[in-house]
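All residue numbers for the sequence shown refer to the working numbering, where the first residue is 415 and numbers rise by one.
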Amino acid sequence: MLQGLELIISLVAVFVGATVMGTVSFGLALVVAPVLLIFLDPQSVVIIANLLIVILLAMVFIKVRRHLQISQLYGMLSGGLCAVPIGVFALKIANPSVLRILIGILILILGFSLLFKSEIALARTKK
């Protein structure tokens, strides 16, 4: 359980992460995870970051639900539903020290890719 200065630092990181996510629609975990990994185990950090993202996206969904094209969401939804059990299994069996290093490396890679504006080739829908 976080207390005192650890709690204050974590809450500031969550506030900054939520502000980043509210501004550019992603990035909460990129901001929050490195700070929380100092104080908490990797499994807890992943759960907390994902819970915060779900809460923020639920609030966005409530505002924009009338404008969504549900048919375009099925691919993302099915991919997410398939990936969740794999992620939960990986969190359960992974060594926290190794997981902490892997999360840090992934955050650095994503941060540098954003810094240098590199794009990952993804399938694009035709307009």
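Glycine included, every Cβ here is placed at the ideal spot set by N, Cα and C. Just so you know, these numbers come straight off a predicted model, no measurement behind them.
When secondary structure is reduced to three states using DSSP, residue 441 falls in the coil class, being assigned neither helix nor strand.
The distance from the Cβ of residue 442 to that of residue 435 is about 4 Å, consistent with a contact at the 8 Å cut-off.
For residue 514, the enclosing alpha helix (DSSP H) has its first and last residue at 510 to 529. Around the CB of residue 494, fewer than 16 other CB atoms lie within 10 Å, so the residue is classed as exposed.
Under the Cβ criterion (8 Å, minimum of three pairs), the stretch 467 to 479 does not count as touching the stretch 449 to 457. In this structure, the alpha-carbon of residue 506 lies about 8 Å from that of residue 457. When secondary structure is reduced to three states using DSSP, residue 533 falls in the coil class, being assigned neither helix nor strand. Here residue 491 is exposed, its C-beta having fewer than 16 other C-beta atoms within 10 Å.
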